[in-house]
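In what follows, a single structure is set out as structure tokens and then discussed.
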Amino acid sequence: MAKIKIGVIGTGSISVEHIESYLKNDNVELYAFCDLNEERLKFMAEKYNVKHTFTDMNEMLKLGEIDAVSVCTWNSAHAPCTIAALNAGKHVLCEKPMSVSEEDAKAMKAAAEKNGKLLMIGFVRRYGNDCKILKEFINSDYFGDLYYAKATYLRRKGNPGGWFGDKSRSGAAL
Ligand SMILES: NC(=O)c1ccc[n+]([C@@H]2O[C@H](COP(=O)([O-])OP(=O)(O)OC[C@H]3O[C@@H](n4cnc5c(N)ncnc54)[C@H](O)[C@@H]3O)[C@@H](O)[C@H]2O)c1
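Numbering-wise (the numbering used here), the sequence shown opens with residue 42 and increments by one.
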């Protein structure tokens, strides 16, 4: 079987989790990297020995040999990058949150359906032991009929700054 060739858009912190996982999979070839930040791009390409590098995702997406793309950009770029990749005929694994608006999320889903490609959002918490245990309780009817759910998450390290604190890129109100 030919290896699945992967392009990564956004080579910041979380991309390392995608990249390291791809490297553990013998069916996958890490093929191309794209980032607006040239310094970061160069560092990551050298570290992971990736030869095809781009600062414009549209240029990377022209590579017909790429089968699938990880979208690891800040939140506001999830929809444009994902839709462009799907329209270019690639499968997409996009980081969470899916998008910064419901409208964008619907457009992403529509692009996947139109192009017959897979779109997965990296909702990693769903695979965590805490969620699995909770789901077992739900499935065993421990809670009875659920009519209200409230979730909170405590981050002890404070506000990470950068784009996380910039509403135009994070999409969140501070
Ligand atoms: N799954 C998780 O547990 C988890 C954890 C942390 C972050 N995330 C998500 O991952 C995403 C990235 O977070 P991060 O901490 O890696 O951010 P980061 O700032 O370290 O990296 C983002 C990178 O994307 C690049 N970028 C932005 N727009 C681009 C575009 N159009 N084309 C090419 N490159 C572009 C930036 O230059 C930057 O290098 C966010 O959506 C965040 O919510 C998920």
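Positions of the beta carbon are idealized from the N, C-alpha and C atoms, including for glycine.
Problem - Ala-118 beta carbon near ligand 1 (any heavy atom closer than 6 Å) - result: yes
Handout entry: Integer Cβ distance of Gly-163 from Lys-137, believed to fall under 8 Å
Key = 5 Å
Handout entry: Range of the contiguous alpha helix (DSSP H) that encloses Ala-125
Key = 119 to 128
Practice task
Compute the minimum distance between the beta carbon of Gly-212 and the heavy atoms of ligand 1, and state whether it is under 6 Å.
Solution key: no
Handout entry: Pairwise C-alpha distance: Gly-202 and Val-91
Key = 29 Å
Exercise for the section: Report yes if the C-beta of Met-42 is less than 6 Å from at least one heavy atom of ligand 1; otherwise report no. Expected result: no
Problem - Range of the contiguous beta strand (DSSP E) that encloses Leu-134 - result: 132 to 136
Exercise for the section: Give the C-beta separation of His-132 and Ala-109 to the nearest angstrom, bearing in mind that I take them to be a contact with Cβ-Cβ under 8 Å. Expected result: 4 Å
Practice task
Could you say if the segment 180 to 189 and the segment 80 to 96 meet the contact criterion of at least three C-beta pairs nearer than 8 Å?
Solution key: no
Exercise for the section: From the DSSP output, read off the bridge partner residues of Leu-64. Expected result: According to DSSP, which records beta bridges pairwise, Leu-64 is partnered with nothing at all.
Handout entry: Euclidean distance between Cα positions of Asn-66 and Glu-58
Key = 13 Å
Exercise for the section: Use the C-beta contact count for Val-49: other C-beta atoms within 10 angstroms, 16 or more gives buried, fewer gives exposed. Expected result: buried
Problem - Residues that DSSP places opposite Glu-70 in a beta bridge - result: Lys-46
Exercise for the section: Can you tell me which of the three DSSP states Ser-111 falls into? Expected result: strand
Handout entry: Reference Ala-129; option with closest CA among Lys-158, Glu-143 and Lys-173
Key = Lys-158
Practice task
Specify, as a first and last residue, the run of the alpha helix (DSSP H) that Met-161 falls within.
Solution key: Where Met-161 is concerned, there is no enclosing alpha helix (DSSP H), although the beta strand (DSSP E) it sits in stretches over 160 to 163.
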